[in-house]
Amino acid sequence: MLRPLFMGRADPMRRGLLALVAAASLPGTGRAEPLATLRLLLGAPAGGPGDLMARQLAERLRGEHARAVVVENRSGAGGQLAVAALKDAPVDGSVLLLVPSSVVSIYPFTYARLPYRVETDLQPVALVAHSPLAFGVGPAVPAAVKSFADFLAWAQAHPQQASYGSPASGSIAHLQAAAVAQASGAPLVHVPYRGGAQAVGDLRGGSLPSLSAPLGIFLPHMASGQIRLLAVSGEARSQLAPSVPTWRELGFKLTAREWYGFFAPGRTPREVVARSASALLKSLDSPEAGALLARFGLELTPAGPERLAALIQADAAEWRGLIQRIGFTAES
């Protein structure tokens, strides 16, 4: 669901990033006094990819943009508590929120009630990175299964064993695999987990046949040969797993990828948003930033507020229909 925003690979990445920084420097966003303190709200616990991303950016934002930068982990309810904390925050750029795309692209269509409205309570500031999703099989599936077509044939022949895990019920990874199962007619049963660590452990151990999850969950375990990746999401193959075909190559009209973006409170003035976007994009302009993200299966894809807003609208249009076809709700 990340269409043209991520097309084109990154030889021109640095030139494009500098152009984005320049574009974010709108009238009224010239040199200003640094913020006394910048608070980065995060809807996830310490130690995960989002947390490490926020802390690296905090180091780069400290100084010219803010004299002090504090990362606040507001984990709980899948990130909803962090969004709720942003709603009544000051609109001077001193509080920003970093969340994965599920919070704005999935939850509005799976939860009957949310403590926020995407349209009024969140102001897009900057896109940071995205994570392709991958589908892999482990030792429970015969070694002769080397492609997704092979896996579908095996699942049809062994319906009692044909299950797939995901890091959470209602996650993008779950919904994407559910859409594939529905489109292919495969008798796949979903097994929800609480996070990816136990799921990938069960996959390696042979108690879980297959797993749909962010690509980064699989990468540390690929060298052992116990896990075989059969598909990844996206318009193009991931630079982190270039030999693995996309769902689109396999005939499924799916492009979903989890992405991370920064948001300000909904009432934040345009010039404040532009100044924050400029600082964030500048902080991402380094080889070190991309290298750190790659360790967690994330690809650096910086973009300003207008492109992030367009991405949210495109995601919403596709996820609304897909979720309706699957028939999933957070209460189901």
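Residue 374 in the working numbering sits at position 270 of the sequence shown; the count goes up by one each step and never skips.
Glycine included, C-beta positions come from ideal geometry on N, C-alpha and C.
Bear in mind that the values here come from a model prediction, so they are computed numbers and not experimental data.
On a CA-only basis, which of the options is nearest residue i? Give me that one, please.
i, options, result
"Gly425", "Ser209, Val348 and Val229", "Ser209"
"Ser314", "Pro349, Pro243 and Ser275", "Pro243"
"Arg371", "Gln280, Glu392, Ser235 and Val222", "Val222"
"Ala275", "Thr141, Val293, Ala317 and Ala290", "The residue asked about is misnamed: residue 275 is Ser in this sequence, not Ala. The shortest Cα separation from Ser275 among Thr141, Val293, Ala317 and Ala290 belongs to Ala317."
"Ala290", "Arg166, His262, Glu168 and Arg374", "His262"
"Thr359", "Ala340, Phe367, Pro373 and Val348", "Ala340"
"Ala285", "Ala259, Pro246 and Gln264", "Ala259"
"Ala345", "Glu435, Leu292, Glu137 and Gly401", "Gly401"
"Thr224", "Ala281, Trp423 and Phe367", "Phe367"
Assign residue i to buried or exposed, taking buried as 16 or more other Cβ atoms, counted over all protein chains shown, within 10 Å of its Cβ.
i, result
"Val304", "buried"
"Met326", "exposed"
"Gly154", "buried"
"Gln302", "exposed"
"Ala421", "exposed"
"Gly134", "Any answer about Gly134 is weak, because its pLDDT of 49 lies below 50 and its placement is not dependable; what the coordinates show is given next. Classification of Gly134: exposed, given that the 10 Å Cβ count is below 16."
"Arg171", "exposed"
"Ala126", "Low local confidence applies: a pLDDT of 43 at Ala126 is under 50, so the model's placement there is unreliable, with the coordinate-based value given in what follows. So Ala126 counts as exposed."
For residue i, which residues from the same chain have a beta carbon less than 6 Å from its beta carbon, with the 5 sequence-adjacent residues on both sides left out?
i, result
"Leu412", "Pro228, Leu231 and Gly365"
"Pro369", "Leu190, Ala193 and Val195"
"Leu312", "Gly269 and Asp306"
"Arg429", "none"
"Thr141", "Ala172"
"Glu435", "none"
With 8 Å set as the bound, which would you pick, yes or no: does the beta-carbon of residue i sit closer than that to a beta-carbon of chain C?
i, result
"Glu410", "This model lacks chain C altogether; it includes just one protein chain."
Please return the same chain residues whose Cβ sits closer than 8 Å to the Cβ of residue i, not counting the five positions on each side in sequence.
i, result
"Gln417", "none"
"Ala272", "Gly182, His278, Pro296, Tyr297, Arg298 and Gly299"
"Arg178", "Leu145, Leu146, Gly147, Leu185, Ala186 and Ala189"
"Ala283", "Phe356, Leu358, Leu426, Arg429 and Ile430"
"Pro95", "Because residue 95 is not part of the residues shown, which for the chain are 105 to 436, the question remains open."
For residue i versus residue j, is the C-beta distance shorter than 8 Å?
i, j, result
"Phe213", "Leu334", "no"
"Leu319", "Leu237", "yes"
"Phe252", "Leu354", "yes"
"Ala233", "Glu375", "no"
"Pro409", "Leu385", "no"
"Leu165", "Ala383", "yes"
"Ser387", "Leu161", "yes"
"Trp351", "Ser337", "yes"
Once you ignore the five residues that flank residue i on each side, which residues in its own chain have a CB closer than 7 Å to its CB?
i, result
"Arg143", "Val174, Glu176, Ser198 and Val199"
"Gly132", "Low per-residue confidence applies at Gly132: pLDDT is 43, beneath 50, and the placement is therefore not dependable, though the value from the model is reported in the following sentence. Answer for Gly132: Glu375, listed in chain order."
"Ala393", "Gln160 and Leu404"
"Ser288", "Leu256"
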